[in-house]
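Asks:
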Amino acid sequence: MNSGKIDKSGGGKGLYRQKEKRRLLKLEELYERHGESLYRYLVFRLGSAEDAEDVLQETFCRFARYGLRWKLVLDPQSFVFKVARNEVNRFLKRKLGRRAGEAMIMTVAAGGFTAAFTAPNDQTLVALLRSADDLPTEQKEVVFLKVFEGLTFKEIGSVCGVSSNTAASRYRYGIEKLRETLEGRS
Amino acid sequence: MNMKDHDDVERDLKRLVPGSVPAGLRQRILTASVESGKNAPLSPRMKWAAVTCAALIVFVLIAEPLIGRLEAVRMAALLNAGSATDEEEMARMEASDLAELAGIQGTEAAKLIRLQARITSAVREESQHRFGEALKGLRGWSEYETSENFN
Numbered sequence: 004m005n006s007g008k009i010d011k012s013g014g015g016k017g018l019y020r021q022k023e024k025r026r027l028l029k030l031e032e033l034y035e036r037h038g039e040s041l042y043r044y045l046v047f048r049l050g051s052a053e054d055a056e057d058v059l060q061e062t063f064c065r066f067a068r069y070g071l072r073w074k075l076v077l078d079p080q081s082f083v084f085k086v087a088r089n090e091v092n093r094f095l096k097r098k099l100g101r102r103a104g105e106a107m108i109m110t111v112a113a114g115g116f117t118a119a120f121t122a123p124n125d126q127t128l129v130a131l132l133r134s135a136d137d138l139p140t141e142q143k144e145v146v147f148l149k150v151f152e153g154l155t156f157k158e159i160g161s162v163c164g165v166s167s168n169t170a171a172s173r174y175r176y177g178i179e180k181l182r183e184t185l186e187g188r189s
Numbered sequence: 440m441n442m443k444d445h446d447d448v449e450r451d452l453k454r455l456v457p458g459s460v461p462a463g464l465r466q467r468i469l470t471a472s473v474e475s476g477k478n479a480p481l482s483p484r485m486k487w488a489a490v491t492c493a494a495l496i497v498f499v500l501i502a503e504p505l506i507g508r509l510e511a512v513r514m515a516a517l518l519n520a521g522s523a524t525d526e527e528e529m530a531r532m533e534a535s536d537l538a539e540l541a542g543i544q545g546t547e548a549a550k551l552i553r554l555q556a557r558i559t560s561a562v563r564e565e566s567q568h569r570f571g572e573a574l575k576g577l578r579g580w581s582e583y584e585t586s587e588n589f590n
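And the structure:
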């Protein structure tokens with residue numbers, strides 16, 4: 004029999020489920036767009052697939068907890084990379100202690116191109132990979148973000164906390180060194 | 440000699456093969472983040488709002504009695520301009536001086552002093568009454584009065 008009362012608990016649950024569904028959809032969309040690039044970047048920074056997975060999870064948990072309005076984020080791509088970068092720094096400080104963590108952040112000692120990429124059977128590419136890993140830390144990061152993630156210098160500057168001019172010059176120096184290495188070989 | 444430019448280097452770099460993403464990573468990440476979102480009591484923005492509101496409430500709770508007390512003191516000072524006991528004491532002293540000058544003594548002098556004190560008290564009550572009436576008259580004046588337009 005219909006008592007004429009509104010089932011508030013059922014309605015509330017329905018609303019809650021809708022909200023959950025919306026949240027999941029947003030996170031799924033975010034993962035589709037940036038998940039794998041972020042994972043590659045994290046492997047590049049940390050040098051370990053397990054650590055990268057942990058940090059990626061923590062990054063996405065942060066997005067979920069903050070309940071961001073993505074419409075208000077001007078540049079979502081550089082934003083997600085910036086959040087991931089900050090999360091890497093937190094992770095290293097937590098894992099290694101403050102001092103060792105900061106030293107690791109400065110050198111990206113554990114990570115690098117060899118951790119994130121493999122060279123097909125081509126001696127030139129093997130040499131390129133090795134010399135890319137020998138680049139100074141700041142140049143390495145800029146080259147990675149520019150070549151593999153397609154970020155603009157402005158976006159790279161925003162991610163790394165430097166000006167776009169600094170990012171551009173770091174990129175030029177890095178690529179120039181790699182070019183010299185390749186020319187030396189040929 | 441084979442000369443390479445920056446574009447060639449970029450092209451070669453792009454030929455490097457990225458490591459594979461572990462199977463099931465997407466599902467693990469999404470499940471964990473949805474769980475984390477469910478357990479989050481407040482978003483940081485809401486946390487700031489809550490802290491600000493709490494601080495405001497505490498401020499109001501502390502400030503309200505203080506302001507009330509100050510207001511009460513001010514009102515008391517307004518209503519009892521010159522305390523009643525001081526005025527009556529002064530009147531008594533004046534009356535006793537007068538009695539001495541006039542050579543009045545004993546019960547007559549006591550009567551004169553009482554009379555003088557009563558007169559002073561009556562005058563004070565009258566002025567308080569007038570002040571009260573004036574306040575009543577002023578109540579709500581701002582609601583009905585329109586400001587003068589000088590133009």
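Those sequence lines, one after another, are chains A and B. Per our numbering, the first sequence starts with residue 4, numbered consecutively. Per our numbering, the second sequence starts with residue 440, numbered consecutively. Every residue, glycine too, gets a C-beta built ideally from N, C-alpha and C.
Determine the DSSP secondary structure at VAL129(A), reduced to helix, strand or coil.
Replies: The three-state reading of DSSP puts VAL129(A) in helix, counting H, G and I together.
Asks: Note down the Cα distance separating ALA462(B) from LYS149(A), rounded to an integer number of angstroms.
Replies: ALA462(B) and LYS149(A): Cα-Cα distance of roughly 27 Å.
Asks: Could you name the residues of the region 457–474 of chain B whose beta carbon sits closer than 9 Å to any beta carbon of chain A, in the order they occur along the chain?
Replies: PRO457, GLY458, VAL460, PRO461, LEU464, ARG465, ARG467, ILE468, LEU469, ALA471, SER472, VAL473 and GLU474
Asks: Would you list the residues sitting across from PHE120(A) in a DSSP beta bridge?
Replies: PRO457(B)
Asks: At a CB-CB cut-off below 9 Å, which residues of chain B make contact with PRO123(A)?
Replies: The contacting residues are ARG454, LEU455 and VAL456.
Asks: With 8 Å as the limit, tell me which residues of the region 19–44 of chain A have their beta carbon closer than that to any beta carbon of chain B; keep them in chain order.
Replies: GLU23, ARG26, LEU27, LEU30, GLU31, TYR34, GLY38, GLU39, TYR42 and ARG43
Asks: Going by DSSP, what residue range makes up the alpha helix (DSSP H) through HIS568(B)?
Replies: 545–577
Asks: Give me, in chain order, the residues of the same chain whose beta-carbon lies closer than 7 Å to that of LEU132(A); leave out the 5 immediate sequence neighbours on both sides.
Replies: PHE116, THR117, PHE120 and ALA122, listed in sequence order.
Asks: Does the structure place the region 65–78 of chain A close enough to the region 468–475 of chain B that three or more beta carbon pairs sit under 8 Å?
Replies: yes
Asks: DSSP on ARG513(B), reduced to helix/strand/coil?
Replies: helix
Asks: Flag CYS64(A) as yes if its beta-carbon sits less than 8 Å from any beta-carbon of chain B, otherwise no.
Replies: yes
Asks: For ALA573(B), count the other beta carbons within 10 Å of its own beta carbon; 16 or more makes it buried, fewer makes it exposed. Which is it?
Replies: exposed
Asks: Buried or exposed for ASP125(A), please, with buried defined as at least 16 other CB atoms from any protein chain shown within 10 angstroms of its CB.
Replies: exposed
Asks: Specify the secondary structure class of ALA462(B) as computed by DSSP and reduced to three states.
Replies: It is coil, neither helix nor strand.
Asks: If you draw a straight line from the alpha carbon of ARG182(A) to that of GLU144(A), how long is it in whole angstroms?
Replies: 17 Å
Asks: Assuming ALA538(B) contacts ALA556(B) (C-beta within less than 8 Å), just tell me the rounded distance between them.
Replies: About 13 Å; that fails the 8 Å criterion.
Asks: With distances taken Cα to Cα, identify the nearest neighbour of PHE84(A) among LYS98(A), GLU39(A) and GLU186(A).
Replies: Ranked by Cα distance from PHE84(A), the first of LYS98(A), GLU39(A) and GLU186(A) is GLU39(A).
Asks: Using a C-beta cutoff of 8 Å, does VAL83(A) count as contacting chain B?
Replies: no
Asks: Please work out which residues of its chain come closer than 8 Å, Cβ to Cβ, to GLN59(A), disregarding the five sequence neighbours upstream and downstream, and give them in chain order.
Replies: What sits at residue 59(A) in the sequence shown is Leu, not Gln. GLY38, LEU41, TYR42, LEU45 and ALA87.
Asks: Can you tell me where the alpha helix (DSSP H) holding VAL58(A) begins and where it ends?
Replies: 52–69
Asks: Does DSSP classify ASP78(A) as helix, strand or coil?
Replies: ASP78(A) falls in the coil class under three-state DSSP.
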